[in-house]
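Protein chains in written order, with the numbering used here: chain B, 92 to 348; chain D, 25 to 346.
All residues carry an ideal CB built from backbone N, CA and C; glycine is no exception.
Heads up, the thing below is written out as structure tokens.
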Amino acid sequence: MNIYVCIKQVPDTETKIKLNADSSGIDTAGIKWILSPFDEFAVEEALRVKEKNAGSTVTVISAGPTRVVDSIRTALAMGCDNGIHVELPESADNAMAAKALAGALKKEAQVDLVFTGKEAIDDGAAQTSALIAEGMGIPCVTVVLGIEYSATAVKCKREVEGGAFEMVEAPLPVLIAAQKGLNEPRYASLPNIMKAKKKEVKSLKAADVAVTDGDQKIRFKNFQLPPPKQSGKKVPGEIPAAAKELVRLLHEEAKVV
Amino acid sequence: MAKVLIVAEQRDGKLKKSTFELVGAASAAGNETHVALLGDGVGALAAEIGTYGANKVHVAESASLKLYNGETYANVLTELVKSLSPDVVLASHTPTGRDLMPRIARRLDVGLASDCISLVFEGTNIKVRRPVYSGKATAEVEFLGAGPRLATIRANALGVGKPDASKKAEVAPFAVNAGEPKTKTTDVVQGASARPDVTEAAIVVSGGRALKSAENFKMIEDLADVLGAAVGASRAAVDAGYRPHRDQVGQTGKVVSPALYIACGISGAIQHLAGMRSSKTIVAINMDPEAPIYQIADYGMIGDIFQAVPALTEEFKKVKEH
Ligand SMILES: Cc1cc2nc3c(=O)[nH]c(=O)nc-3n(C[C@H](O)[C@H](O)[C@H](O)COP(=O)(O)OP(=O)(O)OC[C@H]3O[C@@H](n4cnc5c(N)ncnc54)[C@H](O)[C@@H]3O)c2cc1C
């Protein structure tokens with residue numbers, strides 16, 4: 092099987108966001124970058140499929156500035172075989188990234204399975220998976236919690252609202268966007284981290300995958316930090332009385348109940 | 025004034041409240057408001073959409089549209105957009121909206137602003153703002169190039185207006201060419217819970233590690249039920265197995281913005297705040313007066329949740345009975 096994982100590098104979840112001088116973006120100085128958490132489920136799933144299908148390879152692909160190669164190495168250290176980096180500017184939006192990733196995938200001889208995370212935790216847009224699949228002309232199933240594989244198809248459990256699931260069948264090749272719960276991602280072992288440094292990461296330019304400036308469809312601007320909250324009211328007193336006062340405030344002052 | 029197309033969302037013949045938010049907002053701003061309603065035997069729902077101010081409801085009905093399928097729905101909607109040429113296409117940022125809208129965006133080769141929390145109509149354009157870095161900041165979205173502006177809007181972000189029974193929308197069938205999808209939705213397995221979904225509910229009551237067990241969440245459920253609320257949880261509570269992951273609120277869980285969020289025994293880690301800080305009113309109950317959750321809470325009660333939560337449940341009951 093020829094298995095691919097598309098990953099994104101994002102700021103660590105602990106990061107305190109600061110804006111740059113003209114509020115056109117964030118100040119990236121000092122940010123610790125990580126593999127987006129949902130992508131870890133995608134990498135893990137790809138590795139599990141490989142382990143069950145002798146002779147398979149897992150290729151990890153990321154589009155973005157040079158720094159994203161570090162996250163490709165993280166995935167290689169988990170056990171992926173090789174990587175592809177498509178060089179894109181920092182400002183690339185989901186549409187441009189998806190076009191680059193689909194373009195890189197279309198250059199490959201054969202693609203059987205593509206995994207992504209259900210969304211990246213930086214923009215939380217949840218668009219790139221479907222955009223890649225549409226760009227490649229293959230089916231896609233998003234927010235997937237469980238997969239049954241056969242030689243030519245998959246049966247996916249897709250999470251929807253209210254704790255309900257949709258069971259979706261799709262033929263290969265297919266793109267699957269992983270939700271937390273699909274599996275438990277492995278940690279990279281020290282020997283594998285060392286090995287990852289020697290694995291091949293192919294580098295592509297935007298032009299190699301026919302991406303132009305016109306492929307960017309949206310731009311984020313006028314960034315704002317959430318207004319500082321005034322410190323809230325702490326209701327005084329012991330519990331039954333305090334609870335009564337809290338309910339009164341929610342009813343009469345906040346008018347939310 | 026813009027020509028706006030709203031993708032209505034229904035499940036099992038019931039329209040989503042978030043659809044009414046979009047219809048109400050578009051029509052209140054004086055736009056020519058069109059609604060796409062897809063499904064099987066759903067035509068009767070058009071009247072209800074009309075009461076929120078829609079001008080025209082385009083109804084696409086077919087057995088092949090009974091269950092949501094990203095391919096068939098995208099096929100039909102892309103056709104509708106091409107024939108109607110709206111300036112703006114809106115859907116809710118629900119599991120369906122986020123699966124569907126990127127497909128349409130790609131086919132039309134236009135941009136999509138996802139998960140917007142504010143929406144202003146400006147002529148034939150829209151001005152939208154969305155959270156980035158899981159709500160640690162927000163950014164305005166500028167659309168580049170020509171073509172319709174596509175956006176998904178977070179549930180509860182706009183609020184539902186009052187329906188007006190005297191308002192009626194024109195209803196027009198839309199001929200369906202659903203195509204032959206590669207994927208098949210074979211079954212929908214219903215959730216066990218009768219409570220509202222955590223992302224849709226107007227009130228969310230969440231519990232953290234302090235609950236200590238799955239059984240103790242009964243106390244959170246009791247409070248939620250008095251308020252008609254959804255139950256949420258911190259990651260610590262989910263990782264400990266007290267609640268399923270679908271209830272997790274935060275950066276790697278659900279992002280919610282209810283009118284009221286009650287955090288019980290949750291410390292307020294940055295990853296948790298990311299999922300609930302856009303809630304309108306936040307209440308924290310924690311034993312530790314220094315807990316970070318109090319930095320964003322509008323109201324706080326310091327004390328033991330095992331006393332505080334049942335006491336609140338009793339007090340809310342009294343208010344509800346009046
Ligand atoms: C990559 C990553 C992603 C993450 N994503 C998320 C996410 O999506 N959502 C999320 O919630 N977290 C997330 N986290 C975890 C987050 O960092 C915190 O660990 C988690 O939110 C803590 O949960 P908690 O508040 O329930 O537990 P704790 O931090 O342990 O807090 C428990 C609180 O309960 C109080 N308490 C204890 N007993 C009582 C009592 N009897 N009465 C009253 N108060 C009491 C304590 O004072 C304390 O403040 C993530 C972490 C990482 C690294």
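Using C-beta distances below 6 angstroms, list every residue in its chain close to residue i, excluding the 5 sequence neighbours before and after it, in chain order.
{"i": "E45 of chain D", "result": "L182 and V184"}
{"i": "M300 of chain D", "result": "V273, V280 and Y285"}
{"i": "V31 of chain D", "result": "A60 and A115"}
{"i": "A226 of chain D", "result": "P282 and A283"}
{"i": "T148 of chain D", "result": "A26 and D111"}
{"i": "V262 of chain D", "result": "H269 and Q272"}
Mind checking which residues open and close the alpha helix (DSSP H) that includes residue i?
{"i": "P331 of chain B", "result": "I330 to R339"}
{"i": "G74 of chain D", "result": "A70 to G74"}
{"i": "F206 of chain B", "result": "Looking at the DSSP string, F206 of chain B is not in any alpha helix (DSSP H); the run it does join, the beta strand (DSSP E), is L204 to G208."}
{"i": "G159 of chain D", "result": "Element bounds for G159 of chain D: n/a, residue is neither H nor E."}
{"i": "R173 of chain D", "result": "Not the alpha helix (DSSP H): R173 of chain D falls in the beta strand (DSSP E), residues R173 to I177."}
{"i": "L130 of chain D", "result": "Note that residue 130 of chain D is Arg in the sequence shown here, rather than Leu. Residues P119 to L132."}
{"i": "S220 of chain B", "result": "T219 to M227"}
{"i": "M169 of chain B", "result": "V160 to M169"}
{"i": "H3 of chain D", "result": "An answer regarding residue 3 of chain D cannot be provided, because it is not within the stretch 25 to 346 covered by chain D."}
{"i": "I212 of chain B", "result": "First-last for I212 of chain B: undefined, no H or E at that position."}
{"i": "F311 of chain B", "result": "It is not in any alpha helix (DSSP H) - F311 of chain B instead sits in the beta strand (DSSP E) that spans I309 to Q315."}
{"i": "G48 of chain D", "result": "K41 to A52"}
{"i": "V250 of chain D", "result": "F241 to L251"}
{"i": "V140 of chain B", "result": "P128 to K143"}
{"i": "M285 of chain B", "result": "L281 to A287"}
{"i": "Q275 of chain D", "result": "No alpha helix (DSSP H) contains Q275 of chain D, which DSSP labels as neither H nor E."}
Decide if residue i is buried, meaning its Cβ has at least 16 other Cβ atoms within 10 Å, or exposed.
{"i": "T148 of chain B", "result": "exposed"}
{"i": "G48 of chain D", "result": "buried"}
{"i": "N93 of chain D", "result": "buried"}
{"i": "H346 of chain D", "result": "exposed"}
{"i": "N180 of chain D", "result": "buried"}
{"i": "D312 of chain D", "result": "exposed"}
{"i": "D102 of chain B", "result": "Inspection of the sequence shows that residue 102 of chain B is occupied by Pro rather than by Asp. Classification of P102 of chain B: buried, given that the 10 Å Cβ count is 16 or more."}
{"i": "Q315 of chain B", "result": "exposed"}
{"i": "A255 of chain B", "result": "buried"}
{"i": "E239 of chain B", "result": "exposed"}
{"i": "G252 of chain D", "result": "exposed"}
{"i": "E119 of chain D", "result": "According to the sequence shown, residue 119 of chain D is Pro rather than Glu. Result: buried."}
{"i": "G253 of chain B", "result": "buried"}
{"i": "V234 of chain B", "result": "buried"}
{"i": "G65 of chain D", "result": "exposed"}
{"i": "P197 of chain D", "result": "exposed"}
Can you give me the Cβ contacts of residue i inside the same chain, cut-off strictly under 7 angstroms, excluding the 5 residues immediately before and after it?
{"i": "V355 of chain D", "result": "Residue 355 of chain D lies beyond the stretch modelled for chain D, which goes from 25 to 346, so this question has no answer here."}
{"i": "L266 of chain B", "result": "V205, T207, S220, I223, A224, I229 and C231"}
{"i": "E210 of chain B", "result": "F129, A216 and A217"}
{"i": "P187 of chain D", "result": "T75 and Y76"}
{"i": "N313 of chain B", "result": "S114"}
{"i": "V159 of chain B", "result": "Q100, S153 and H176"}
{"i": "G226 of chain B", "result": "A189, K190 and A193"}
{"i": "R178 of chain D", "result": "H117, D139, C140, I141 and S281"}
{"i": "R122 of chain D", "result": "S138 and T176"}
{"i": "G272 of chain B", "result": "L236"}
{"i": "A298 of chain D", "result": "S158, G159, K160, G274 and Q275"}
{"i": "L126 of chain B", "result": "I98, Q100, S162, T165 and A166"}
Leaving out five residues on either side along the sequence, give the residues of the same chain with a beta carbon under 8 angstroms from the beta carbon of residue i.
{"i": "T243 of chain B", "result": "P262 and L263"}
{"i": "E260 of chain B", "result": "A244, V245, K246 and C247"}
{"i": "A183 of chain B", "result": "A154, G155, A191 and Q307"}
{"i": "V347 of chain B", "result": "L341"}
{"i": "L337 of chain B", "result": "V326"}
{"i": "A335 of chain D", "result": "none"}
What span of residues does the beta strand (DSSP E) with residue i cover, start to end?
{"i": "D139 of chain D", "result": "L136 to C140"}
{"i": "G63 of chain D", "result": "E56 to G63"}
{"i": "H82 of chain D", "result": "K80 to E85"}
{"i": "S294 of chain B", "result": "V292 to K296"}
{"i": "Y97 of chain D", "result": "No beta strand (DSSP E) holds Y97 of chain D; the alpha helix (DSSP H) holding it covers G94 to L108."}
{"i": "A211 of chain D", "result": "Looking at the sequence itself, residue 211 of chain D is Asp, so the reference to Ala does not match. Per DSSP, D211 of chain D belongs to the beta strand (DSSP E) from K208 to V213."}
{"i": "N310 of chain D", "result": "T305 to N310"}
Quick check: does the Cβ of residue i come within less than 7 angstroms of any heavy atom belonging to ligand 2?
{"i": "V273 of chain D", "result": "Ligand 2 is absent from the structure shown, which contains only ligand 1."}
Exercise. Specify whether the stretch 36-54 of chain D and the stretch 93-101 of chain D touch according to this definition: at least 3 beta carbon pairs, one from each stretch, less than 8 angstroms apart.
Key: no
Exercise. Would you be able to state if there are at least three C-beta pairs under 8 angstroms between the stretch 309-325 of chain B and the stretch 312-329 of chain D?
Key: The count of Cβ pairs closer than 8 angstroms, one atom from the stretch 312-329 of chain D and one from the stretch 309-325 of chain B, reaches three, so the stretches are in contact.
Self-check item: Three CB pairs or more closer than 8 angstroms across the stretch 156-163 of chain D and the stretch 103-120 of chain B
Solution: yes
Practice problem: Decide if the stretch 80-92 of chain D is in contact with the stretch 193-204 of chain D; the criterion is three or more beta carbon pairs, one per stretch, under 8 angstroms apart. | Solution: yes
Quiz item: Does the stretch 296-311 of chain B come close enough to the stretch 291-300 of chain D that 3 or more CB-CB pairs lie under 8 angstroms?
Solution: no
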